[in-house]
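The next block holds one structure in the form of structure tokens; read it before the comments.
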Amino acid sequence: MTEWFDLDRDEERAVAAFMSRVASLQIPDPGSRIPDPAQLWCKAALLRKWDAERRAQRPLDVMLPIEIAGGLVAAGLLLYWSIPYL
Amino acid sequence: MGRLDEAAFAALHARSARALRAYVYRVVGNTSDADDIVQEAFLRMLRADVPAGDEEHLRRYLYRVASNLIVDRWRKRTHEQGEEMMPEPASPRPRYEDDAAIAKIFAELKPRDRALLWLAYVEGESHEEIASSLGVGRRGVKVMLFRARRRLRDLLQARGVLVNS
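Protein chains in written order, with my numbering: chain L, -16 to 69; chain A, 6 to 170.
Put into structure tokens, the structure is as follows:
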């Protein structure tokens, strides 16, 4: 079973040799733009806070169109019932 | 198990950021995307409030997030371009000593193959660890890795690269 998943020894050696060359290639721009951990920590804290705010706000956002629709229906019914008295 | 605190995160960052960036860079092929993905992976880990503990587990979590981000970005790019992004074909016989030629040959593989080969050969991960890093099944990794190695072998043969250095 496992043999089927193996290259022959020379091929495996060739692949391994190539990959070791790939591993030793220089990565450009070693002083990268990745922020330092303190910056990342602050940014994540801010994002977590926004996530929490958004979660807290979600039920209100869901209810808003329902409230508007309810208000419009109530206003319509009020108008309908008051027509005989107008 | 408590949450990851700032000091533990700084230690994890110090030990894994460089290697993670090297992995992402080799798979995506440019520093700008690599930096964005590495930053996003760290932020997602922090936002997910993963429990502190085994550093290896956290490291693998980072690699999994980064691998998913790589695939997302690749899919987005290929979708936008309407066709699969293929690097320029390498010259028929690049000099094996030439770093640029090696990078170019490696770039000809698909991102998933590059990720698999990097994790297996450079990070020295087992099938189980690769499965965890890429978020795929362990049995699937074995097959995918075999195919990736075979594709690399075919590529090396097609380029006439002598690997018996």
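Backbone N, C-alpha and C fix where the C-beta goes; we use that ideal spot for every residue, glycine too.
None of these values were measured; they are calculated from a predicted model.
What number of angstroms, rounded off, separates the C-alpha of residue i from the C-alpha of residue j?
i	j	result
Leu23(L)	Asp118(A)	30 Å
Ala39(A)	Arg38(L)	30 Å
Glu88(A)	Val45(L)	Residue placement at Glu88(A) cannot be trusted, given a pLDDT of 49 that sits under 50; what the coordinates show is reported in the next sentence. If I take the Cα positions, the gap works out to 39 Å.
Trp64(L)	Lys81(A)	56 Å
Leu29(L)	Ala71(A)	21 Å
Glu36(L)	Leu48(A)	18 Å
Ile49(L)	Gly34(A)	49 Å
Thr(-15)(L)	Arg155(A)	Note that Thr(-15)(L) has pLDDT 41, beneath the 50 cutoff, so the model's placement of it is unreliable and no number is given.
Chain A partners of residue i, CB-CB under 8 Å?
i	result
Ala39(L)	Chain A residues near Ala39(L): none, gap ~16 Å exceeds 8 Å.
Leu29(L)	Residues of chain A passing the Cβ test: none, with the nearest at roughly 10 Å.
Arg(-8)(L)	The premise fails here: Arg(-8)(L) is roughly 12 Å from chain A at the closest Cβ pair, so nothing lies under 8 Å.
Ala(-1)(L)	Tyr126
Hey, would you say residue i sits closer than 7 Å to residue j, going by beta carbons?
i	j	result
Val(-2)(L)	Leu121(A)	no
Arg143(A)	Ala153(A)	no
Tyr66(A)	Met50(A)	yes
Arg64(A)	Ser21(A)	yes
Ala57(A)	Gly7(A)	yes
Ala125(A)	Leu150(A)	yes
Val127(A)	Ala6(L)	yes
Arg31(A)	Ile110(A)	no
Can you tell me where the alpha helix (DSSP H) with residue i in it begins and where it stops?
i	result
Val127(A)	Where Val127(A) is concerned, there is no enclosing alpha helix (DSSP H), given that its DSSP letter is neither H nor E.
Gln9(L)	Per DSSP, Gln9(L) belongs to no alpha helix (DSSP H) and is neither H nor E.
Pro48(L)	20 to 65
Ile107(A)	104 to 112
Leu(-10)(L)	Run containing Leu(-10)(L): none; DSSP gives neither H nor E here.
Who pairs with residue i in a beta bridge, going by DSSP?
i	result
Pro56(A)	Arg8(A)
Which chain L residues sit within Cβ distance under 9 Å of residue i?
i	result
Asp77(A)	The premise fails here: Asp77(A) is roughly 18 Å from chain L at the closest Cβ pair, so nothing lies under 9 Å.
For residue i, return the contacting residues in chain L, with the cut-off set at a CB-CB distance below 7 Å.
i	result
Val43(A)	Ile17
So which residues of chain A does residue i contact, with C-beta pairs closer than 7 Å?
i	result
Ala35(L)	What Ala35(L) touches in chain A: nothing, since even the nearest Cβ is about 11 Å away.
Pro20(L)	Phe14, Ala15, His18
Kindly list, in the order they appear in chain L, the residues whose Cβ is closer than 8 Å to that of residue i.
i	result
His62(A)	Correct list: empty, because the minimum Cβ distance to chain L is about 18 Å.
Ile107(A)	Phe1, Arg4, Val5, Leu8
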